[in-house]
Every structure is written in C-alpha cells, then in structure tokens.
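To convert a position in the sequence shown, counted from 1, into the numbering used here, add 2. Just so it is clear, CB atoms sit at the ideal spot from N, CA and C, and this is done for glycine as well. Since this is a predicted model, take the numbers as computed values, not measurements. Everything on this sheet refers to the single structure shown next.
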Amino acid sequence: MSTTNLAAFLSQGAVDPRLGELVLAVAEGCVAINGHVRRGALGQAMGALGSENVQGEVQQKLDVLSNDVLLEGCAKATGLCAMASEEMDTIHPVREVGAEGGYLLLFDPLDGSSNIAVNVSIGTIFSILPTPKDSYGRAAAEADFLQPGRQQVAAGYVVYGPQTQMVLTLGAGVSAFTLDPDSGDWVMTAADIRIPAETKEFAINTANTRHWAAPVSRYVEECLAGVEGPRGKDFNMRWVASMVADVHRVMSRGGVFMYPWDKREPDRPGKLRLMYEANPMALLVEQAGGGSFDGQGETLDAKVTSLHQRASVMLGSAAEIARLRAYHAS
Ligand code: AHG
Ligand code: MN
Ligand code: MN
C-alpha cells in the first residue's frame with residue numbers, strides 16, 4: 003500500500019471537497035484534544051467540573067474542553083451548517099444552508115470519561131449528516147438532525163490509545179490513519195478494514211447480568227459455557243468501558259460489543275446515545291462487513307425522535323449479530 007495520508011485520501015475525486023474539508027477540521031480538532039489527553043495532569047484538562055450535561059452526567063473538564071475545541075475548530079469548514087454534541091443541550095448553528103446543501107456534524111467529544119482519571123484509552127466519535135433537501139436558504143434546525151443512521155455520509159472515531167488512530171468511513175469502506183506524533187500527519191495505516199464474521203470474544207459489562215433481557219442472558223451464558231456448551235468453543239471477555247476502545251478492538255480483530263437494554267431503567271432503551279455513539283459506530287461496523295442490532299431492528303434504521311435519544315447496542319461480527327437477532331425473535 004503506497005503511503006498516503008488523510009488529506010490525500012479526502013482529496014480523491016469522488017469526495018465532495020466540502021466534506022473533505024469538514025473531516026480534516028474534525029481531525030485537526032482531535033490533534034488538539036490528543037495534546038490535552040497526553041499532557042494529563044501536566045495540563046489543564048484533568049478533574050471534574052461541578053456541572054452536569056443534558057445526559058445528567060457530571061462533566062469532566064476534558065469533556066467540555068474537547069467540545070469547545072471541536073466547536074471552534076470545525077466552524078471554519080465552509081459546508082458545515084450546524085453541530086450537535088453529547089455535551090450540549092441544543093444544536094449549535096454555524097451558517098445558513100446554501101443552494102448546494104451542506105452538512106450537519108454530531109459528536110461525542112470525549113468518549114469513555116470514566117477512564118480519563120485512570121489513564122485508560124478514551125476517544126472522540128463523530129457523525130456527518132447531509133442537510134435535508136428542504137432546508138436551503140435557512141438556518142438548520144434541531145429537527146433537521148433527526149435522520150436515521152443510514153443517512154450518514156461519513157462517520158468515524160479517534161482512539162487516544164498507545165497510538166492515536168482515526169478510523170473513518172465515507173460510505174465506501176473503512177480506513178484507518180495513525181497520527182504521526184513527530185510530523186502531526188495522519189498516515190493511512192489500514193485500508194478496507196473487514197471484521198471477521200466469526201469470533202471468540204464478547205464485550206459487555208457483566209456487572210449488569212441480573213438486569214439483562216432473556217435473549218442477552220442466553221447469548222452470554224452460551225459464551226460462558228465454552229467448548230462444553232452449545233457454542234462448542236471457549237470465549238474471551240473484554241470490557242474497557244470506553245466504547246471507542248471496545249469497538250476499535252472489534253474493528254481490529256472481530257468480536258461483539260453489547261450495551262443492551264436492561265431493567266434498571268425499563269423505559270430507557272439503553273445507556274448509549276443513538277445519534278453520536280450508536281449510529282456512527284453502526285455505520286463503521288456495517289461498512290466493514292459486521293452488523294449492529296438494537297433489539298428490534300438494525301441500528302441504522304432506528305427511527306429518530308430526539309437528538310439525545312438512547313439506544314440498545316449490540317454490534318460486531320456478522321454471525322454473532324445474526325445469532326442475537328434470532329434469539330430476540332424466538
Ligand atoms: P461517555 O464517556 O461519552 O459518557 O461514554 C461512556 C459510555 C461508553 O463509552 C462505554 O462503553 C460505556 O459508557 C461504559 O459504561 P459503564 O461504565 O456502565 O460500563
Ligand atoms: Mn460516549
Ligand atoms: Mn462523552
């Protein structure tokens with residue numbers, strides 16, 4: 003594979019230059035966030051604020067800092083009409099929708115906040131939607147964001163781990179770029195990523211076992227039964243508690259990641275948010291040959307009724323998602 007970088011990848015003919023400009027702006031913002039992450043206590047980014055976000059979660063300084071970095075950094079992208087974030091109650095308008103349309107950017111600026119203070123991998127997740135057809139000549143409104151995940155024109159994440167990597171899809175396959183700490187360039191290090199259909203690894207927070215629905219309990223119990231059980235093979239369990247790190251492992255070597263509905267809050271579909279966690283990850287996984295299921299149907303087909311709605315998430319290796327769908331149907 004000839005060495006190429008993110009800028010070259012985004013300047014290929016088929017890519018709308020304004021979409022490429024926006025993805026580059028996100029990448030630039032993530033380089034700044036990466037700097038704050040890696041300075042840790044030597045910088046200004048550690049510790050909790052007194053505030054709570056719209057999710058009712060205590061905000062970490064790095065949550066808000068990362069959010070502000072992306073708001074400031076992405077506004078210059080000429081095709082960007084508005085932004086939405088896990089850390090903001092309402093949308094952040096940027097410019098009117100032009101005759102040729104524009105883009106809506108959604109992000110979880112800092113995913114895995116419970117891991118910031120313990121030096122475990124965290125990340126940034128982003129999703130890009132087209133402005134709706136009828137929005138020309140006006141500012142984007144919150145309702146314009148409420149599109150099913152299948153409408154995304156791009157999705158990606160950056161994982162701040164031993165390497166800082168961006169995994170990205172523009173709807174035609176999945177590529178990975180590694181941030182060169184010396185040059186600051188995003189060098190392509192994987193192209194056309196494919197998730198193995200079979201796996202021996204599952205990721206779920208087993209502290210919630212007693213709260214799961216029956217199909218999820220059945221699936222996990224069968225994995226735990228190992229080679230003597232119905233699966234006829236032993237499984238490994240992983241749980242980083244940063245979705246970006248857990249999903250990156252699935253993208254890298256297969257597996258299944260689950261944060262399903264549980265009966266702790268029966269009226270809540272799940273903990274994770276649809277628009278800027280489940281949907282971008284579902285597009286990446288599906289583009290890499292895997293699947294994503296929310297207990298009723300495919301994540302990308304889920305009806306969107308509110309910006310911060312939550313979703314039950316089961317995603318990863320195709321054969322495992324097919325099995326989970328079958329267990330939910332029976
Ligand atoms: P965020 O830090 O953006 O709120 O996301 C945290 C999410 C997700 O990253 C992770 O998979 C999950 O919370 C972990 O939840 P538990 O701590 O309940 O395991
Ligand atoms: Mn998150
Ligand atoms: Mn977050």
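Near G104, what residues of its chain come up, given a Cβ to Cβ distance below 7 Å and the 5 sequence neighbours on each side ignored?
Taking the sequence shown and counting its residues from 1, one reaches residue 104 at position 102. Excluding sequence neighbours, G104 sits near G81, L82, C83, T133.
Which residues count as close to ligand 3 when the rule is a CB under 6 Å from any of its heavy atoms, in chain order?
D65, E88, D110, L112, D113, S115
Any idea which residues DSSP pairs V315 with across the strands?
In the sequence shown, residue 315 corresponds to position 313, counting from 1. In DSSP, V315 forms a bridge with Y261.
Near N55, what residues of its chain come up, given a Cβ to Cβ distance below 6 Å and the 5 sequence neighbours on each side ignored?
For the purposes of this step, residue 55 is taken as the residue at position 53 of the sequence shown. Q61, E89.
N-terminal and C-terminal residue of the beta strand (DSSP E) that D382 is part of
The chain is shown from 3 up to 332; residue 382 falls before or after that span and cannot be answered.
So, at 7 Å on beta carbons, what are the nonlocal neighbours of Q14 in its own chain, with the 5 sequence-adjacent residues on each side left out?
Along the sequence shown, read from residue 1 onward, the residue named residue 14 stands at position 12. Answer for Q14: no residue qualifies.
Quick check: does the Cβ of I323 come within less than 8 Å of any heavy atom belonging to ligand 2?
Residue mapping note: residue 323 aligns to position 321 of the sequence shown, counting from 1. No, the Cβ of I323 stays beyond 8 Å of every heavy atom of ligand 2.
Assuming V258 and T201 are in contact, meaning their beta carbons sit under 8 Å apart, how far apart are those beta carbons, in whole angstroms?
Here the question's residue 258 lines up with position 256 in the sequence shown. Here the question's residue 201 lines up with position 199 in the sequence shown. Between T201 and V258 the Cβ distance is about 6 Å, and since that is below 8 Å, they are a contact.
With hydrogens ignored, establish whether the beta-carbon of I118 is closer than 8 Å to any heavy atom of ligand 2.
Taking the first residue of the sequence shown as position 1, residue 118 is located at position 116. Flag unset: Cβ of I118 not near ligand 2.
With distances taken from CA atoms, which of R327, A324, H310 is nearest G58?
The count along the sequence shown starts at 1 and reaches residue 58 at position 56. Of the listed residues, the one whose Cα sits closest to G58 is H310.
In this structure, does DSSP put D113 in helix, strand or coil?
Here residue 113 corresponds to residue number 111 of the sequence shown, with the count starting at 1. It is a strand residue.
So, is R140 buried or exposed, given that buried needs 16 or more other C-beta atoms within 10 angstroms?
The residue given as residue 140 occupies position 138 in the sequence shown. Its Cβ having fewer than 16 others within 10 Å, R140 is exposed.
What is the DSSP secondary structure of M3, counted as helix, strand or coil?
The residue labelled residue 3 in the question sits at position 1 within the sequence shown. Reliability fails at M3, whose pLDDT of 47 lies under 50, so the model's placement of it is uncertain and the value that follows must be treated cautiously. Residue state, collapsed to three classes: coil.
Quick one: using the 10 Å Cβ neighbour count with 16 as the cut-off for buried, is S115 buried or exposed?
On the sequence shown, residue 115 is found 113 positions in, with the first residue counted as 1. Buried is the call here.
Quick one, which of T191, R251, L64 has its alpha-carbon nearest M48's?
Position 46 of the sequence shown, counted from the start, is the residue given in the question as residue 48. Comparing Cα positions, the closest option is L64.
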